[in-house]
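Asks:
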Amino acid sequence: MRIAILSKGSLNYTTKRLREVAEARGHEVIVVNYAKCYMTMERSKPIIYYKGKALEKFDAIIPRIAQSYTKYGTAVVRQFEMQGSFSTASSIAINRSRDKLRSYQIMARQDVNIPKTVFARETADLDEVVELAGGAPVIIKVARGTHGNGVVLAETRKAAKAVMQAFYVEGVNFMVQEFVAESAGTDIRALVVGGRVVASIERVSLDDDFRSNTHQGGVGKAVKLTPEEEKTAIKAAKAMNLPVCGVDMMRSKNGPKVLEVNSSASIKTPELVTKRDVATIIIEYVERNAKAKPRKDKVGA
Ligand SMILES: Nc1ncnc2c1ncn2[C@@H]1O[C@H](COP(=O)(O)OP(=O)(O)O)[C@@H](O)[C@H]1O
Ligand SMILES: [Mg+2]
1 MRIAILSKGS
11 LNYTTKRLRE
21 VAEARGHEVI
31 VVNYAKCYMT
41 MERSKPIIYY
51 KGKALEKFDA
61 IIPRIAQSYT
71 KYGTAVVRQF
81 EMQGSFSTAS
91 SIAINRSRDK
101 LRSYQIMARQ
111 DVNIPKTVFA
121 RETADLDEVV
131 ELAGGAPVII
141 KVARGTHGNG
151 VVLAETRKAA
161 KAVMQAFYVE
171 GVNFMVQEFV
181 AESAGTDIRA
191 LVVGGRVVAS
201 IERVSLDDDF
211 RSNTHQGGVG
221 KAVKLTPEEE
231 KTAIKAAKAM
241 NLPVCGVDMM
251 RSKNGPKVLE
261 VNSSASIKTP
271 ELVTKRDVAT
281 IIIEYVERNA
291 KAKPRKDKVG
301 A
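Quick look at the structure:
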């Protein structure tokens with residue numbers, strides 16, 4: 001098969017592993033820097049140019065779109081979809097996953113357990129917003145944050161109101177969320193491929209930060225999920241229509257609660273700490289699905 005990995009960094013661990021595994025299995029693999037692609041649209045003729053040439057059709061693409069390139073990156077993914085390439089993540093699913101509010105709405109509708117979340121405008125009664133989220137302490141998070149950078153723990157009602165007011169002044173979209181105190185500083189990342197959890201790690205913050213993101217100094221170790229946690233991860237992946245993804249959950253007293261679903265999850269820490277060969281599982285998934293049948297373009301809205 002001809003496979004394109006859409007990635008800005010050909011030296012990135014995940015990109016390298018996917019490439020080496022796919023090539024070893026006899027596929028032709030090209031790492032395409034989507035940020036440098038340009039596209040033409042005219043009647044029934046979606047073309048993607050890269051390094052001065054029109055790309056020939058790929059059987060499959062594996063998008064690894066950086067958060068800061070979501071808009072351009074998903075437009076490129078969409079162009080590949082219009083050419084009929086199989087994708088491990090659709091442009092629309094990537095877009096949804098990048099907006100936390102939209103993701104929570106989708107997951108809640110599909111009965112996925114999430115922390116109770118409130119979204120409101122400045123016209124709302126801020127005391128009531130804090131109460132609806134379970135009362136202080138509460139988590140306040142911006143809709144498009146990543147790596148833990150847009151997530152605040154407001155310890156008191158007063159602090160929560162001040163943070164909300166500051167965000168309103170700046171016109172930032174945010175949500176107020178129930179604080180999962182029981183496992184603050186720890187979360188679980190489950191990698192899901194084709195409806196199965198293939199590796200799972202627990203991330204613990206090092207310096208008593210309530211955020212466990214590895215970008216904030218969190219460290220990962222292998223963890224065994226309970227059946228309920230596995231089911232929740234698989235359900236979240238399905239709700240978000242992301243067959244290959246990383247589902248972040250927290251262990252709460254009311255069972256696992258999903259924080260987010262990542263469409264370009266790194267396989268580095270999961271592979272290194274669990275010793276599972278996640279790259280091969282992903283390429284096998286692509287092999288099973290890319291050749292299934294000719295695809296109609298289902299780009300949607
Ligand atoms: N409701 C919550 N209760 C307790 N901790 C939380 C909550 N939401 C987020 N966190 C912590 O903050 C981290 C970042 O939050 P997350 O929603 O995943 O945003 P990001 O996209 O920035 O990673 C999580 O990994 C978790 O450790
Ligand atoms: Mg996160």
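Each residue of the sequence shown is one higher than the one before, starting from 1 at the first, in the numbering used here. Note that the Cβ used here is the ideal one computed from N, Cα and C, for glycine as well.
With C-beta atoms as the reference, is arginine 96 less than 8 angstroms away from methionine 240?
Replies: Position 96 of the sequence shown holds residue 96. Position 240 of the sequence shown holds residue 240. A contact, by the Cβ cut-off of 8 angstroms.
Asks: Determine contact between the stretch 89-103 and the stretch 260-277, defined as no fewer than three beta-carbon pairs at a distance below 8 angstroms.
Replies: With a cut-off of 8 angstroms, the stretch 260-277 and the stretch 89-103 count as touching, because enough Cβ pairs lie within range.
Asks: Run through DSSP, which three-state label would methionine 107 get?
Replies: Numbered from 1 along the sequence shown, position 107 holds the residue referred to as residue 107. Correct three-state label for methionine 107: helix.
Asks: Count the other CB atoms, across all protein chains shown, that sit within 10 Å of the CB of valine 193; report buried if there are 16 or more and exposed otherwise.
Replies: Counting from 1 along the sequence shown, the entry for residue 193 is found at position 193. By the 10 Å Cβ count, valine 193 comes out buried.
Asks: Using the beta-carbon of each residue, find all residues closer than 6 angstroms to any heavy atom of ligand 2 and list them in chain order.
Replies: After applying the 6 angstroms Cβ criterion, the set is Asn213, Asp248, Leu259 and Glu260.
Asks: Taking DSSP as the reference, what is the three-state secondary structure of asparagine 262?
Replies: Numbered from its first residue, the sequence shown carries residue 262 at position 262. Reduced to three states, the DSSP call for asparagine 262 is strand.
Asks: Express the C-alpha separation of lysine 291 and alanine 146 in angstroms, rounding to a whole number.
Replies: By one-based count along the sequence shown, residue 146 stands at place 146. By one-based count along the sequence shown, residue 291 stands at place 291. For the record, residue 146 in the displayed sequence is threonine; it is not alanine. Whole-angstrom Cα-Cα distance: 34 angstroms.
Asks: With DSSP as the reference, identify every bridge partner of glutamine 177, one or two as the case may be.
Replies: By one-based count along the sequence shown, residue 177 stands at place 177. Answer is Thr117 and Ile139, bridged to glutamine 177.
Asks: Which residues mark the beginning and the end of the beta strand (DSSP E) in which proline 63 is found?
Replies: The residue labelled residue 63 in the question sits at position 63 within the sequence shown. 60-63 is the extent of the beta strand (DSSP E) around proline 63.
Asks: Who are the near neighbours of threonine 186 in its chain, counting only those whose CB is closer than 8 angstroms to its CB and skipping five residues on each side?
Replies: Position 186 of the sequence shown holds residue 186. Contacts found: Glu202, Arg203, Val204, Ser205, Ser212, Met250 and Arg251.
Asks: Would the C-beta of threonine 146 count as close to ligand 1, meaning under 7 angstroms from any of its heavy atoms?
Replies: As a first step, residue 146 is located in the sequence shown; it is residue number 146 there, counting from the start. Yes; taking the cut-off as 7 angstroms, the Cβ of threonine 146 has a heavy atom of ligand 1 nearer than that.
Asks: Please list the terminal residues of the continuous beta strand (DSSP E) segment that includes alanine 154.
Replies: Residue mapping note: residue 154 aligns to position 154 of the sequence shown, counting from 1. Run containing alanine 154: 151-154, per the beta strand (DSSP E) assignment.
Asks: With a threshold of 16 other CB atoms inside 10 Å of the CB of leucine 18, please say whether the residue is buried or exposed.
Replies: Locating residue 18 in the sequence shown gives position 18, counting from the first residue. Result: buried.
Asks: What residues match up with lysine 53 in a beta bridge as DSSP calls it?
Replies: Counting from one through the sequence shown, the residue named residue 53 turns up at place 53. Answer is Tyr50.
Asks: Between lysine 141 and ligand 1, is there a pair consisting of the residue's CB and a ligand heavy atom that are separated by less than 7 angstroms?
Replies: Within the sequence shown, numbered from 1, the residue matching residue 141 stands at position 141. Checking the Cβ of lysine 141 against ligand 1 gives yes.
Asks: State yes or no: is the C-beta of valine 273 within less than 8 angstroms of the C-beta of glycine 220?
Replies: Along the sequence shown, one-based indexing puts residue 273 at 273. Along the sequence shown, one-based indexing puts residue 220 at 220. Contact: yes.
Asks: Should glycine 304 and arginine 189 be called a contact, given that it needs their Cβ atoms to be closer than 8 angstroms?
Replies: Since the first and last residues shown for the chain are 1 and 301, residue 304 lies out of range.
Asks: Mapping the DSSP letters down to three states, classify aspartate 207 as helix, strand or coil.
Replies: For the purposes of this step, residue 207 is identified with residue 207 of the sequence shown, where counting begins at 1. It is coil, neither helix nor strand.
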